[in-house]
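Chains as they are written, first to last, in the UniProt record's numbering: chain A, 1 to 220; chain B, 1 to 220.
We put the CB at the ideal spot given by N, CA and C, even for glycine.
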DNA sequence: TTAAATTTTTAGGTAAATCTAAAAATTATT
DNA sequence: AATAATTTTTAGATTTACCTAAAAATTTAA
Ligand SMILES: [Mn+2]
Ligand SMILES: [Mn+2]
Ligand SMILES: [Mn+2]
Ligand SMILES: [Mn+2]
């Protein structure tokens, strides 16, 4: 059984490992909003407990045990987010912080019954996949909207940024999960993208386009 | 904002204060499963923060601020218990420990929406009243089953013991909330009570009868 | 391939919540 | 009222998760 803090470290290491194999001390510190020295302390502890493999100065990688623990927390986080949106009418930009707390509740029975109550959802309100109780989930292959070419079409199926500000902005633009879009033009001046969504033509910045994930379903 | 630990102290002091006005250090220590010396430390802290009035060697009483904080935690605890039983099909003997964790989640929006989702329940699975968002609730007046006389009738509306062992035992005997009972006899030998419930005559020990709460609705 | 910049670790300390052992105050009993 | 028993507090440590400052290792750049 891990502490609240250890769980947060494991989850953050897990997410960072999606990008780079060896996760650096500084990267963890930044995510945990703490100092590198504190991270080193915790890393040693996690290594001792068998959650990570650690070589001094070389960063960490999760062991199987560590990966399982991390995926379990991710599963809880995302299931609670579904609960908040589907059952309690939270908006997709309001759920993250509460889920950060709820994910640490320790009860296998609770999370399995919650999963059932929600109808075994496959993805959370931000389009992220929800691991099943064995930790398995489909690693969906998304394209970033920014990488599409003119006249490409697709469906919005995820976002790679979960800040409330970003999500509220998307909401206002009508760019929510499931929406069909088509690329009309890319502005020379600032690289902003003209897209067609729900019959309307709108312009979104490069920064926004970078964080919208599309499942392509048309002429490539 | 109080810590997890402070919240537990406040809740326990609140419950102990339902019996005696001045709550003793040792009583708190027993409930918190900790040592009296630790309790003294925490009491000082709570007094400094204005949650309790404290006179050395005289025990503590909650201030209004402390009472409000405690009632808020009780409200959360009981609402989560309702959620677990009504929505996730937990049994009434399975909910307490999980609710002990859930009660510390800090989000006013969450608890208000949960309350609404549950239909603003007035009592929890053990018959305990749920404070509204202003901390108000009816202090229901119960009689202990043990205090009833032969031929008295009533409805089971609560229990004053929440251990899983006790609740499972009641379940097996068919003594659940809402059940009508009538006192048939009190055994001279061991003080055990013969009661009529759902057409059947059963015998319950004094110990069990002490912890069943009845709202009388018949010949007194 | 040195020197500079960056990253990471060590050393030494703090604050919160706990503990044990012993001292002090209160309450109960003779 | 004196003594015994109980309750409560103090003193001094421990553990966890932090911190700052400085040293050490690694990486990058000249
Ligand atoms: Mn989230
Ligand atoms: Mn999410
Ligand atoms: Mn309970
Ligand atoms: Mn209850």
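key: Coarse secondary structure for residue 118(B), derived from DSSP in three states   = Against the second chain, residue 118(B) aligns to sequence position 118. Here residue 118(B) sits in coil by DSSP.
query = Are there 16 or more other CB atoms within 10 angstroms of the CB of residue 56(A), so buried, or fewer, so exposed?
reply = Taking the first chain and counting its residues from 1, one reaches residue 56(A) at position 56. It counts as exposed.
query = Which of the residues in the stretch 87-121 of chain A, read from start to end, lie with their CB under 9 Å from any CB of chain B?
reply = 87, 88, 89, 90, 94, 97, 98, 101, 102, 104, 105, 106, 107, 109, 110, 113, 114, 116, 117
ask   = If you compare alpha carbons, which of 12(A), 65(A), 45(A), 47(A) is closest to residue 30(A)?
value = The residue given as residue 30(A) occupies position 30 in the first chain. For the residues 12(A), 65(A), 45(A), 47(A), the minimum Cα distance to residue 30(A) belongs to 12(A).
query = Who are the near neighbours of residue 209(A) in its chain, counting only those whose CB is closer than 6 Å to its CB and skipping five residues on each side?
reply = As a working mapping, residue 209(A) is identified with position 209 in the first chain. In chain order, 145, 146, 193 place their CB closer than 6 Å to the CB of residue 209(A), counting only its own chain and leaving out the 5 sequence neighbours on each side.
Which listed residue (34(B), 119(B), 52(B)) has its alpha carbon closest to that of residue 22(B) = The residue you call residue 22(B) lines up with position 22 of the second chain. Looking at the Cα atoms, 52(B) is the closest of the given residues.
ask   = Where DSSP assigns a beta bridge to residue 163(A), which residues make up the other side?
value = Counting from 1 along the first chain, the entry for residue 163(A) is found at position 163. None, per the DSSP bridge assignment.
inquiry  = Quick check: the Cα distance between residue 58(B) and residue 179(B), rounded to an integer number of angstroms?
reply    = Along the second chain, read from residue 1 onward, the residue named residue 58(B) stands at position 58. Along the second chain, read from residue 1 onward, the residue named residue 179(B) stands at position 179. Roughly 43 Å separates the two Cα atoms.
request  = Per DSSP, which residues does residue 155(B) bridge with? Please list them.
outcome  = Translated into positions along the second chain, residue 155(B) becomes position 155. According to DSSP, residue 155(B) shares a beta bridge with 180(B), 215(B).
N-terminal and C-terminal residue of the alpha helix (DSSP H) that residue 203(A) is part of = To locate residue 203(A), count along the first chain from 1; it is residue 203. Premise fails: residue 203(A) lies in the beta strand (DSSP E), 200-204, not in any alpha helix (DSSP H).
query = Looking at residue 119(A) and residue 177(A), is the spacing between their C-beta atoms short of 7 Å?
reply = Position 177 of the first chain, counting from 1, holds the residue named residue 177(A). Position 119 of the first chain, counting from 1, holds the residue named residue 119(A). No, they are not a contact pair.
task = Check residue 53(A) in the structure and name its three-state DSSP category.
result = Here the question's residue 53(A) lines up with position 53 in the first chain. DSSP places residue 53(A) in strand when its eight states are reduced to three.
ask   = Curious, which full-length alpha helix (DSSP H) runs of at least 4 residues does the stretch 27-52 of chain B contain?
value = 36-48
message = By the three-class DSSP mapping on this structure, what secondary structure does residue 106(A) have?
response = Counting from 1 along the first chain, the entry for residue 106(A) is found at position 106. In the structure shown, the three-state DSSP call for residue 106(A) is coil.
ask   = What did DSSP end up calling residue 195(A) once you bin it into helix, strand or coil?
value = Taking the first residue of the first chain as 1, we reach residue 195(A) at position 195. In the structure shown, residue 195(A) sits in a strand (DSSP, three-state: E or B).
query = Given a threshold of 16 other Cβ atoms within 10 Å of its Cβ, counted over all protein chains shown, does residue 191(B) qualify as buried or as exposed?
reply = As a position in the second chain, residue 191(B) is number 191, starting the count at 1. Exposed.
inquiry  = According to DSSP, simplified to helix, strand and coil, what is residue 148(A)?
reply    = Locating residue 148(A) in the first chain gives position 148, where the first residue counts as 1. Coil, per DSSP.
query = How many Å lie between residue 130(B) and residue 75(B) at the Cα?
reply = For the purposes of this step, residue 130(B) is taken as residue 130 along the second chain, with counting starting at 1. For the purposes of this step, residue 75(B) is taken as residue 75 along the second chain, with counting starting at 1. Going by the C-alpha atoms only, they are around 6 Å apart.
Spatial distance of residue 62(A) from residue 154(A) (CA atoms) = Here residue 62(A) corresponds to residue number 62 of the first chain, with the count starting at 1. Here residue 154(A) corresponds to residue number 154 of the first chain, with the count starting at 1. Approximately 35 Å between the Cα atoms of the pair.
Test item, CB below 6 Å from any non-hydrogen atom of ligand 3 = 77(B), 81(B), 96(B), 99(B), 162(B)
request  = Provide the residue span of the beta strand (DSSP E) that contains residue 62(B), from first to last.
outcome  = On the second chain, residue 62(B) is found 62 positions in, with the first residue counted as 1. Looking at the DSSP string, the run of the beta strand (DSSP E) that includes residue 62(B) is 60-62.
query = Roughly how many whole angstroms lie between the Cα atoms of residue 35(A) and residue 27(A)?
reply = Translated into positions along the first chain, residue 35(A) becomes position 35. Translated into positions along the first chain, residue 27(A) becomes position 27. So the alpha carbons of these two residues sit roughly 10 Å apart.
query = What first and last residue would you give for the alpha helix (DSSP H) that runs through residue 5(A)?
reply = Along the first chain, one-based indexing puts residue 5(A) at 5. It spans 4-17 - the alpha helix (DSSP H) in which residue 5(A) sits, taken as one unbroken run.
request  = Can you give me the Cβ contacts of residue 106(A) inside the same chain, cut-off strictly under 8 Å, excluding the 5 residues immediately before and after it?
outcome  = Position 106 of the first chain holds residue 106(A). 1.
query = For residue 95(B), which three-state DSSP category applies?
reply = For the purposes of this step, residue 95(B) is identified with residue 95 of the second chain, where counting begins at 1. Coil at residue 95(B), not helix or strand.
request  = Quick one: residues in its chain with C-beta nearer than 6 Å to the C-beta of residue 186(A), no 5 flanking neighbours on either side, listed in chain order?
outcome  = On the first chain, position 186 is the one that residue 186(A) refers to. Cβ within range, chain order: 193.
message = For a test of your reading of the model: does the CB of residue 128(A) fall under 6 Å from any non-hydrogen atom of ligand 6? Yes or no.
response = This structure lacks ligand 6; its bound ligands are ligand 1, ligand 2, ligand 3 and ligand 4.
ask   = To the nearest angstrom, how far is it from the Cα of residue 50(B) to the Cα of residue 114(B)?
value = Looking up residue 50(B) in the second chain gives position 50. Looking up residue 114(B) in the second chain gives position 114. Near 30 Å, if we compare the C-alpha coordinates of residue 114(B) and residue 50(B).
C-alpha distance - residue 10(A) paired with residue 161(B), whole-angstrom precision = The residue labelled residue 10(A) in the question sits at position 10 within the first chain. The residue labelled residue 161(B) in the question sits at position 161 within the second chain. Taking the straight line from one Cα to the other gives about 39 Å.
message = For residue 143(A), list the residues DSSP reports as bridge partners.
response = Working through the first chain from its first residue, we reach residue 143(A) at position 143. As DSSP reads the structure, residue 143(A) sits in a beta bridge with 214(A).
task = Can you tell me which of 46(A), 68(A), 73(A), 70(A) puts its alpha carbon nearest to the alpha carbon of residue 60(A)?
result = By 1-based counting over the first chain, the position of residue 60(A) is 60. Minimum Cα distance to residue 60(A) is reached at 46(A).
task = State the CB to CB distance for the pair residue 73(B) and residue 100(B), rounded to an integer number of angstroms; the pair is presumed to be in contact (CB under 8 Å).
result = Within the second chain, residue 73(B) is the residue found at index 73, counting from 1. Within the second chain, residue 100(B) is the residue found at index 100, counting from 1. About 10 Å separates the two Cβ atoms, so there is no contact after all.
ask   = Comparing alpha-carbon positions, which option in 6(A), 68(A), 171(A) lies nearest residue 41(A)?
value = Taking the first residue of the first chain as 1, we reach residue 41(A) at position 41. Comparing Cα positions, the closest option is 6(A).
inquiry  = Would you say the beta carbon of residue 124(A) is closer than 6 Å to some non-hydrogen atom of ligand 2?
reply    = In the first chain, counting from the first residue as 1, residue 124(A) sits at position 124. Yes, since a heavy atom of ligand 2 falls inside the 6 Å radius drawn around the Cβ of residue 124(A).
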